[in-house]
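If you're matching positions, the sequence shown starts at 1 in UniProt numbering and goes up one per residue.
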Amino acid sequence: MNEQALMRYSRQLLLTNFDVEGQMSLSGKRAVIIGAGGLGNIAATYLVGAGVGSLTLIDDDVVDVSNLPRQVLYTQEDVEQPKVSAAYKQLIARNEHVDIVPINARLSAANIDQYLDGADVILDCCDNFTTRKMVHRWALARQCPLVSGAAIRWEGQLITFRYDQNVTPCYECLYPDLSDQQLSCNTNGIIGPVVGTIGVQQALVAIRLLSGVGQVKHGSLQLFDGLSGDWRTMRLSPDPECPCCGAQNS
């Protein structure tokens, strides 16, 4: 680690149990963020700021004026531009030492191996259940940690799956059947700071995973109520009839 890096990350290096070893571990790892909306904006900003080695950002959407209240990497000048391109400009300006890879594409069965292979952690910041299900099954099969966040109306949730250590419970134990319409901010509404709160937590969990600092539990579901400011934590139980990991539960 050179003198410039020591200065840049000096406040992190002061942290108990983090120091140079934690920073070196973080700087040698690759994170993949799926979705460059409100969750992905915040998570990407903090991961790049902290000095993750490589960050891949995947999204095929363009910036819409309705995104601006909560997607903080974008400005009015970015409207109708690809989200990943606009995000890249802001992120690289914050830390040119991070290898930032913007991918303007929709994740699919045909390209998921190409885009996710080699990830040390995946942050699920997408807005549709079809993609979430595909990503979680890929992460489970490849034993890759998955940090999944969601926010709707005044509510947010965060759950981490240590698929590098456990195969059950899995994401489909929590949501065996959920339609994309139920997840849509377009029809249900969203308040920006709730999205930001969950995105920050996703980044924090990812930093802990990649640096090897602190404990990250498998299947711990955290629910945030933006109206009261309260958090609730629940432990996800394996579903013996889960269509994904049910064989391991029987």
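Idealized CB from N, CA, C, for every residue including glycine.
All values derive from a computational prediction rather than experimental measurement.
| Where do the N-terminal and C-terminal ends of the beta strand (DSSP E) with S220 fall, by residue? | 220–225
| query | So S148 is in the beta strand (DSSP E); what residue range does that whole segment cover? | reply | 146–152
| said: Please identify the residue among C173, A150, R153, I152 whose C-alpha is closest to the C-alpha of R137. | reply: C173
| query | What's the call for T45, buried or exposed, on a 16-neighbour Cβ count within 10 Å? | reply | buried
| Should A206 go down as buried or exposed, given a rule of 16 or more other Cβ atoms within 10 Å for buried? | buried
| query | Mind checking whether I33 and G22 have CB atoms under 8 Å apart? | reply | no
| field | Where the beta strand (DSSP E) through I190 begins and ends | value | Taken as a continuous stretch (DSSP letters only), I190 belongs to no beta strand (DSSP E), as it is neither H nor E.
| Between R153 and G192, what straight-line distance do the alpha-carbon atoms span, to the nearest angstrom? | 9 Å
| Cβ of P145 within 8 Å of any chain B Cβ | Protein chain content of the structure displayed is limited to a single chain, and chain B is not contained in it.
| Which residues mark the beginning and the end of the alpha helix (DSSP H) in which A87 is found? | Start and end: 83–94.
| message | Please state whether the Cβ-Cβ distance between W231 and L221 is less than 8 Å. | response | The answer is no: Cβ separation not under 8 Å.
| request: Within the same chain, show all residues whose beta-carbon is closer than 7 Å to that of Q90, passing over the 5 residues directly before and after it, in chain order. | output: L73
| request: Taking 8 Å as the cut-off, decide whether the C-beta atoms of F129 and L146 are in contact. | output: no
| request: Would you mind sorting S66 into buried or exposed? The rule is 16 or more other CB atoms within 10 Å of its CB. | output: exposed
| task | Could you have a look at E155 and say whether DSSP puts it in helix, strand or coil? | result | If DSSP states are grouped into helix, strand and coil, E155 belongs with the strands.
| task | Measure the CB-CB distance between I112 and I100 and report whether it falls below 8 Å. | result | no
| query | What residues in its chain sit with their C-beta under 8 Å from that of G214, if we drop five residues either side in the sequence? | reply | N17, R208
| message | I need the straight-line Cα distance from K29 to C144, nearest angstrom please. | response | 13 Å
| message | What does the alpha-carbon distance come out to for the pair Q4 and L123? | response | 28 Å
| query | Of all the options P69, M234, T56, which has the alpha carbon lying nearest to the alpha carbon of K217? | reply | Nearest C-alpha to K217: M234.
| Residues that DSSP places opposite P102 in a beta bridge | L57
| request: Classify L47 as buried or exposed, calling it buried when 16 or more other Cβ atoms lie within 10 Å of its own Cβ. | output: buried
| message | I need the straight-line Cα distance from E241 to R142, nearest angstrom please. | response | 22 Å
| What is the rounded straight-line gap between the Cα of V194 and the Cα of G37? | 13 Å
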